[in-house]
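Numbering (the working numbering), first residue to last: -4 to 384.
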């Protein structure tokens, strides 16, 4: 019971959670006003979706005089997607689902003769159809369209054709708004996520280095830090997929008017930082094993651990330098001459320590050998090629 009470005590209070949420919203708003970035992209897409809905309502409700101008703005706002290509794909799926819903609702009403029977007949079938993988997440619009159609009481051929026509109008407006008004390009997302991954890697190495110097073997903390790094890597992979898709159907027109954004970092950088993430994960696991008093082998001696911590600190600095380079699009990042010299000296000390442990048959030889291997791997990935000495 005490554990449950303590867990509840650690839960954030509602006022604290609301304050943190408000602060996050404030940071996002300031970032959107400050300059280009993900926050401004989200703001632009939200305004575009709103504009598409307003335009569709004006066309369907004011210009065409439709008293129930719902379908067109509904479809238009949904189809302002993250990329132009996804807008087209979602439009095809959604339009097919809407047609199926309207037609099946009309047929069910003709068969049953009353609204309740038509709902009972059509909605279960449409919900099953919504789970068809070909529809993606747009299949649910078949059932909702059927409900809207039956709720109005107009489900004859003319009414169905009218609703399908409204859906087509909304699709055209939504796709046109997304394609011709600041079409979304997600190249910047890749650069920002890659820079964030490099900085997070440096932060994890700095945390481990600090704990080793202080003698605090926080295995759980290292595990959580490594998990955060993995999530950063997943975010990078997602951003890379969005960047590829955002250039489909838009790259050629933008090149024609010379409005293609700055180039995205090469995919080789993703692979390199994926390897860095793997090396850090292996390093933290090795340290976690050494931190367990009930497991062998024992950790290396204090002087060797201090040298190892210094080496991790310098490699973490190199990760931060790479992060800064990615954000500023400068040339190849490299540590200064003093840092490189210090790295080589520390590596030499660790290699000497490994040989000494091996000669003495020390219990820390296995752990030190594994740690040194991971440091060598991190060194080779984070410090530019040809500068290792």
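Note that beta-carbon positions come from the ideal geometry of N, C-alpha and C, so glycine has one too.
Rounded C-alpha distance that separates residue 190 from residue 261: Straight-line Cα distance between these residues: approximately 13 Å.
Collapsed DSSP secondary structure at residue 305 in the structure displayed: DSSP places residue 305 in the helix class (H, G or I) of the three-state scheme.
Minimum C-alpha distance to residue 117 - residue among 128, 141, 148, 127: Answer by Cα proximity: 141.
Cβ pair residue 270, residue 376 closer than 8 Å: Going by C-beta atoms, residue 270 is nearer than 8 Å to residue 376.
6 Å Cβ shell around residue 369 - same chain, five flanking residues per side excluded: Hits under 6 Å: 274, 277, 278.
CB of residue 385 within 8 Å of CB of residue 75, strictly: One cannot answer for residue 385 here, as it falls past the ends of the chain, which runs -4 to 384.
Closest residue to residue 230 among 187, 211, 105, 217 (Cα-Cα distance): Per the Cα distances, 187.
Straight-line Cα distance separating residue 224 from residue 167: Roughly 41 Å between the two C-alpha positions.
Integer-rounded CB distance, given that residue 84 should sit under 8 Å from residue 158: Between residue 84 and residue 158 the Cβ distance is about 22 Å, and since that is not below 8 Å, they are no contact.
Whole-Å CB distance - residue 95 paired with residue 124, under 8 Å assumed: About 6 Å separates the beta carbons of residue 95 and residue 124, which is inside the 8 Å limit, making them a contact pair.
Per-residue burial, residue 161 [other beta carbons within 10 Å of its own, 16 or more giving buried]: Under this definition residue 161 is a buried residue.
Length of the line joining the Cα atoms of residue 221 and residue 215: When the Cα atoms are used, residue 221 and residue 215 turn out to be separated by approximately 10 Å.
Stretch-stretch touch, CB-based, cutoff 8 Å, three pairs: the region 50 to 64 with the region 98 to 118: Judged by Cβ distances under 8 Å, the region 50 to 64 makes no contact with the region 98 to 118, as fewer than three pairs qualify.
Beta-carbon proximity check, residue 197 vs residue 312, cutoff 8 Å: At the C-beta level, residue 197 and residue 312 come within 8 Å of one another.
8 Å contact criterion, which residue 18 and residue 89 should meet: CB distance rounded: Rounded, the Cβ-Cβ distance is 37 Å, inconsistent with contact.
CB of residue 185 within 8 Å of CB of residue 234, strictly: Closer than 8 Å, so yes.
Of the listed residues 300, 378, 316, 308, nearest to residue 365 (C-alpha basis): Out of 300, 378, 316, 308, 300 has the C-alpha closest to the C-alpha of residue 365.
From 73, 148, 130, 120, residue whose alpha carbon lies closest to that of residue 110: Nearest option by C-alpha distance: 148.
Own chain, CB closer than 7 Å to residue 165, minus 5 neighbours either side, in chain order: So the qualifying residues of the chain are 51, 66, 67, 68, 69, 70, 71.
Alpha helix (DSSP H) segment containing residue 161, residue limits: Counting along the chain, residue 161 sits inside the alpha helix (DSSP H) bounded by residues 152 to 175.
Helix, strand or coil at residue 126 according to DSSP, with G and I counted as helix: The answer is coil: DSSP assigns residue 126 none of H, G, I, E or B.
Best match in 306, 15, 321, 139 for proximity to residue 193 [C-alpha to C-alpha]: The shortest C-alpha to C-alpha distance from residue 193 to any of 306, 15, 321, 139 is the one to 321.
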